[in-house]
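Taking it in order: structure first as C-alpha cells, then the write-up.
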Ligand SMILES: Cc1cc2nc3c(=O)[nH]c(=O)nc-3n(C[C@H](O)[C@H](O)[C@H](O)COP(=O)(O)OP(=O)(O)OC[C@H]3O[C@@H](n4cnc5c(N)ncnc54)[C@H](O)[C@@H]3O)c2cc1C
Ligand SMILES: Nc1ncnc2c1ncn2[C@@H]1O[C@H](COP(=O)(O)O)[C@@H](O)[C@H]1O
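What follows is the structure in C-alpha cells.
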C-alpha cells in the first residue's frame, strides 16, 4: 500500500516564545526547529509499523522552504522511503492543504496521515481540509489505527468514551497519542537518509483564507500565595471565597 | 448577517453548547442552531433562553461521518456570515472540511469574541501565546475553545424543526462500537482537575489522588512520564503533546512544572501546586502553593474539602 505522511516543522518544545516587528512575527532568534511531535512520534512511526507488518511505501511531504530539509532528513532517518517538498512558505492552513491535495491526487495514496495539530499554531485544520479536497473520509485525533483489507479500523477519544470506527480507504487520519511510540533514528538510518530521494516541486498559486495580524504573550501571573501545609482549610476557603472555583 | 451554530447534542445540553449559543448571539442576534444527535426536542428548546431563534435538528446523520455532516451544513451555509463550531473532536473534524467546501476562512481555537477590527484571539504555541487572526473571506468559520465565554441566560424561546437530509458521500465511516470507561469525567470538558506526577513514586499511590478528585467532583490527569511508564492511562496525559485543558481549577501534585507540561494547562483559571521542593518551577505558574509532602498534604486536603462540602 502507499502511505503519505504530512510533516511540518515546529519550534523545539523548550523554545522561548517571543515576538518581533511590533508583535507581528514570531522571533526565530535562537529557535531550533524539530519535526512536529505529532507528525513524527505518531503519524510517521505508525506508517512505518504498517510498512513493517504488511508492506508499504512511506512517502513524507512538507510544504516549506529549503530550510525545512533538515527536519525532512530526520524523518527519512527514522525510516520514510522518500520525501517531497512543495517549495513555498506556508501562508495559512488552506494554502498548505491545497498544495498537499494537488500532489496527493497524482499518486493514489491509500492512506494519508497527519499529526493532530502543529504545536505552534494548534490549528487542527489541515487533515480535514485535505480530506475534503480529496473527497475522502477523515478521522480526527485518532489514537489507534489498524489496516484491515480495504478498510481501516480506527479508534478515537470522544466525550465519555472511545469510539471505534471502520473507514473505507482511501482515507485521511490525524494522529495523536496512543498511535505509536517515539523512535530514535540510529546511525544506519541517518546514513541512509543522506541518499534517499528528496524531490522539490513548485507550489500552486493559492490565496490564503486567513491571516495572523499580531501576537500577544499571556498576562504574567501575580505571585503565588503560599499556604501552610497544615492550614488546608484556609486553602479550601480561598478557593471558595477568593478564587470562586469551588 | 445571521450566525449558524453547529452542535452535536446527546441527552442533555452541556455547558459547551450554551457557550457556543451565547458567543453566536453576541456576534449577531439572529442565531440558528443546526443539530445532530439524539437530544430530545424539549432539551433543545432550552437553547432559546440563551439566544437561539431556530433549531434545525437532523437525526438521521451520524456525527462521526464528517463528510455527510459537512455536506449538510454546506447546503445551508450561504444564508450565514458566521459559522460556529466547538473546537472539540467533532469541530476539529467537520469545520476544516466545511472551510474548503464553501471556501470560507477557518479561525480555530478562538478564545474571545471578535475585536473591533474583526481579528479574533486564538490560542497558539500550545497556550504559551495568543494570536489575532483575521478572516479574509466574507463568510467566516470559527471554532471556539471550551471555557472561553460564560453562558448568559437572556430569556427567550425558539422553534425546533426536524429534517431528514442525508447527502450521499464517496467514502464510508461506520461506528463499530463505543467503549465507555467506568464513571470517569472526560478530561477536556472537566471544570475541576486533580493531576499528579512522578512525585507520587508509583501507581499504587494514586488512591489518594482519586479520593481528592472524588471529593471535589473533579477529573484526574497526569504528567507525561507517568503515562509513558504506564502508571496511568494515556488519555490522562496533559501537556504540549497530550491533552490541552482549560479547567477552572487545576491541582498539580508532585509535578515539577516543565515547560511542556505547563503548555497544556496554563489556560486553567486557577492553579494550585503541591510540591516538596519550594524551587519547583510550577510555583511560578501557580496561584496557590503548598510546600509539603503529597503523602501528608493530599489526604488532609481531601478532609478539608469534605468538611467544606458538608457545611455548604
Ligand atoms: C518534546 C517533549 C514533549 C513533552 N510533552 C510533555 C507533555 O505533554 N506533558 C508533560 O507532562 N510532559 C511533557 N514532556 C516531559 C517534560 O519535559 C517533563 O519531563 C515532565 O513533565 C516531568 O514530569 P513530572 O513533573 O511528573 O516529573 P518530575 O520532573 O520527575 O517531577 C516530580 C516532581 O515531584 C516533586 N515531588 C517528589 N516527591 C514529592 C512528594 N512526596 N510530594 C510532593 N511532591 C514531590 C519533585 O519535587 C518534582 O518537582 C515533554 C518533553 C519533551 C522533550
Ligand atoms: N507545511 C506543512 N507541510 C506538510 N504538512 C503540514 C504542514 N503544516 C501542517 N501539516 C500537517 O497538518 C497537521 C495539522 O496541522 P495544523 O492544521 O496546522 O494544526 C500537522 O500535524 C502536519 O501533519
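Protein chains in written order, with the working numbering: chain A, 1 to 246; chain B, 1001 to 1312. We treat Cβ as the ideally placed atom computed from N, Cα and C, and that holds for glycine.
**Study point:** the segment 53-76 of chain A: positions lying closer than 9 Å to chain B by Cβ
**Key:** none
Point to revise | Completely contained alpha helix (DSSP H) runs for the segment 110-183 of chain A, where each covers 4 or more residues | key: 126-134
Check your understanding: What does residue 1240(B) touch in chain A if you count any residue whose Cβ is under 9 Å from its own?
Key -> Indexing the second chain from 1 puts residue 1240(B) at position 240. Result: 13, 37 and 119.
Check your understanding: Listed from N- to C-terminal order along the chain, which residues in the segment 124-136 of chain A have their beta-carbon within a distance smaller than 8 Å of any beta-carbon of chain B?
Key -> 124, 125, 126, 127, 128, 129, 131, 132, 133, 135 and 136
Review point. Just the Cα atoms here: how many angstroms apart are residue 1151(B) and residue 1246(B)?
Key: To locate residue 1151(B), count along the second chain from 1; it is residue 151. To locate residue 1246(B), count along the second chain from 1; it is residue 246. Cα-Cα distance, rounded: 16 Å.
Review point. Nearest CA to the CA of residue 1135(B): which residue from 129(A), 177(A), 135(A) and 92(A)?
Key: Taking the second chain and counting its residues from 1, the one referred to as residue 1135(B) is at position 135. It is 92(A).
Review point. Excluding five sequence neighbours on each side, which residues of the same chain lie with their C-beta closer than 8 Å to the C-beta of residue 1074(B)?
Key: What you label residue 1074(B) is simply residue 74 of the second chain in a count that begins at 1. Excluding residues within five positions, the ones whose Cβ falls inside 8 Å are 1098, 1101 and 1102.
Practice item. Measure the CB-CB distance between residue 1081(B) and residue 1110(B) and report whether it falls below 8 Å. Key: Position 81 of the second chain, counted from the start, is the residue given in the question as residue 1081(B). Position 110 of the second chain, counted from the start, is the residue given in the question as residue 1110(B). No.
**Study point:** Backbone CA spacing between residue 1269(B) and residue 1308(B) [nearest angstrom]
**Key:** As a position in the second chain, residue 1269(B) is number 269, starting the count at 1. As a position in the second chain, residue 1308(B) is number 308, starting the count at 1. About 21 Å.
Review point. Does the distance from the C-beta atom of residue 1035(B) to that of residue 1024(B) stay below 8 Å?
Key: To locate residue 1035(B), count along the second chain from 1; it is residue 35. To locate residue 1024(B), count along the second chain from 1; it is residue 24. No, these two residues do not count as a Cβ contact at 8 Å.
Point to revise | Bridge partner(s) assigned by DSSP for residue 1130(B) | key: For the purposes of this step, residue 1130(B) is identified with residue 130 of the second chain, where counting begins at 1. 216(A) and 1123(B).
Exercise for review: Taking residue 1314(B) as the query, report the chain A residues whose CB atoms sit under 9 Å from its CB, ordered along the chain.
Suggested key: In the structure as shown, chain B starts at 1001 and stops at 1312, and residue 1314(B) therefore has no counterpart that could be examined.
Review point. Within 8 Å (strictly less), CB to CB, does residue 1101(B) reach chain A?
Key: Translated into positions along the second chain, residue 1101(B) becomes position 101. At least one chain A Cβ lies under 8 Å of residue 1101(B).
Practice item. Evaluate residue 75(A) with the Cβ neighbour count: other Cβ atoms within 10 Å of its Cβ, from every protein chain shown; 16 or more gives buried, anything less gives exposed. Key: Residue 75(A) sits at position 75 when you count from the first residue of the first chain. Classification for residue 75(A): buried.
Practice item. Give me whichever residues DSSP pairs with residue 1273(B) in a beta bridge. Key: Translated into positions along the second chain, residue 1273(B) becomes position 273. For residue 1273(B), which the question treats as bridged, DSSP gives the partners 1252(B) and 1289(B).
Practice item. Can you give me, in chain order, the residues of the segment 1244-1257 of chain B that have a beta carbon less than 9 Å from any beta carbon in chain A? Key: 1244, 1247, 1248 and 1249
Check your understanding: For residue 1303(B), which three-state DSSP category applies?
Key -> Within the second chain, the letter at position 303 stands for residue 1303(B). Looking at residue 1303(B) - three-state DSSP - the assignment turns out to be helix.
**Study point:** Euclidean distance between Cα positions of residue 1256(B) and residue 1275(B)
**Key:** Numbered from its first residue, the second chain carries residue 1256(B) at position 256. Numbered from its first residue, the second chain carries residue 1275(B) at position 275. So the alpha carbons of these two residues sit roughly 8 Å apart.
Point to revise | Contact list for residue 1292(B) against chain A, beta-carbon separation under 9 Å | key: One-based indexing of the second chain puts residue 1292(B) at position 292. What residue 1292(B) touches in chain A: 228, 229 and 230.
**Study point:** residue 1198(B) beta carbon near ligand 1 (any heavy atom closer than 7 Å)
**Key:** Here residue 1198(B) refers to the residue found at position 198 when the second chain is read from its first residue. Flag set: Cβ of residue 1198(B) near ligand 1.
Practice item. State yes or no: is the beta carbon of residue 1006(B) nearer than 8 Å to at least one beta carbon in chain A? Key: As a working mapping, residue 1006(B) is identified with position 6 in the second chain. Not one chain A Cβ lies under 8 Å of residue 1006(B).
Check your understanding: Under 8 Å between C-beta atoms, does residue 214(A) make it to chain B?
Key -> Along the first chain, one-based indexing puts residue 214(A) at 214. Judged by the 8 Å Cβ criterion, residue 214(A) is in contact with chain B.
Exercise for review: Provide the residue(s) that pair with residue 1212(B) in DSSP beta bridges, ordered along the chain.
Suggested key: By 1-based counting over the second chain, the position of residue 1212(B) is 212. Residue 1212(B) pairs with nothing; no bridge assigned.
Exercise for review: Would you grab the beta carbon distance between residue 1049(B) and residue 1028(B) for me? Rounded to a whole angstrom, and I think it's under 8 Å.
Suggested key: Counting from 1 along the second chain, the entry for residue 1049(B) is found at position 49. Counting from 1 along the second chain, the entry for residue 1028(B) is found at position 28. Incorrect: roughly 18 Å between the Cβ atoms, too far for contact.
Review point. Does DSSP put residue 1000(B) in a helix, in a strand, or in coil?
Key: The requested residue 1000(B) is not part of the displayed model; chain B covers only 1001 to 1312.
Point to revise | beta strand (DSSP E) runs wholly inside the segment 1144-1208 of chain B, at least 3 long, in chain order | key: 1159-1163, 1173-1179 and 1192-1196
Review point. Per DSSP, which one or two residues make a beta bridge with residue 87(A)?
Key: To locate residue 87(A), count along the first chain from 1; it is residue 87. 64(A) and 202(A), per the DSSP bridge assignment.
Check your understanding: So what's residue 1052(B) in DSSP terms, helix, strand or just coil?
Key -> As a position in the second chain, residue 1052(B) is number 52, starting the count at 1. Residue 1052(B): strand per DSSP, three-state reduction.
Exercise for review: With distances taken Cα to Cα, identify the nearest neighbour of residue 41(A) among 99(A), 182(A) and 89(A).
Suggested key: Here the question's residue 41(A) lines up with position 41 in the first chain. Checking every option, the nearest Cα to that of residue 41(A) belongs to 182(A).
Point to revise | Partner residues on chain A for residue 1212(B), Cβ-Cβ distance less than 7 Å | key: In the second chain, the residue the question calls residue 1212(B) occupies position 212. Those within 7 Å of residue 1212(B) in chain A number zero; the least Cβ separation is about 11 Å.
Point to revise | Exposed unless 16 or more other CB atoms sit within 10 angstroms - verdict on residue 1229(B) | key: For the purposes of this step, residue 1229(B) is taken as residue 229 along the second chain, with counting starting at 1. Burial call: exposed.
Check your understanding: Contact between the segment 1284-1294 of chain B and the segment 229-241 of chain A: three or more CB pairs below 8 Å?
Key -> yes
Review point. Can you tell which of 214(A), 4(A), 144(A) and 208(A) has the C-alpha that lies nearest to the C-alpha of residue 1115(B)?
Key: Position 115 of the second chain holds residue 1115(B). Checking every option, the nearest Cα to that of residue 1115(B) belongs to 214(A).
Exercise for review: List the endpoints of the continuous beta strand (DSSP E) containing residue 10(A).
Suggested key: Counting from one through the first chain, the residue named residue 10(A) turns up at place 10. Start and end: 9-11.
Review point. Can you find a heavy atom of ligand 2 that lies under 7 Å from the Cβ of residue 43(A)?
Key: Locating residue 43(A) in the first chain gives position 43, where the first residue counts as 1. Yes; taking the cut-off as 7 Å, the Cβ of residue 43(A) has a heavy atom of ligand 2 nearer than that.
Check your understanding: Beta carbon of residue 1262(B), beta carbon of residue 1244(B): below 8 Å?
Key -> Locating residue 1262(B) in the second chain gives position 262, where the first residue counts as 1. Locating residue 1244(B) in the second chain gives position 244, where the first residue counts as 1. No, the Cβ-Cβ distance between residue 1262(B) and residue 1244(B) is not below 8 Å.
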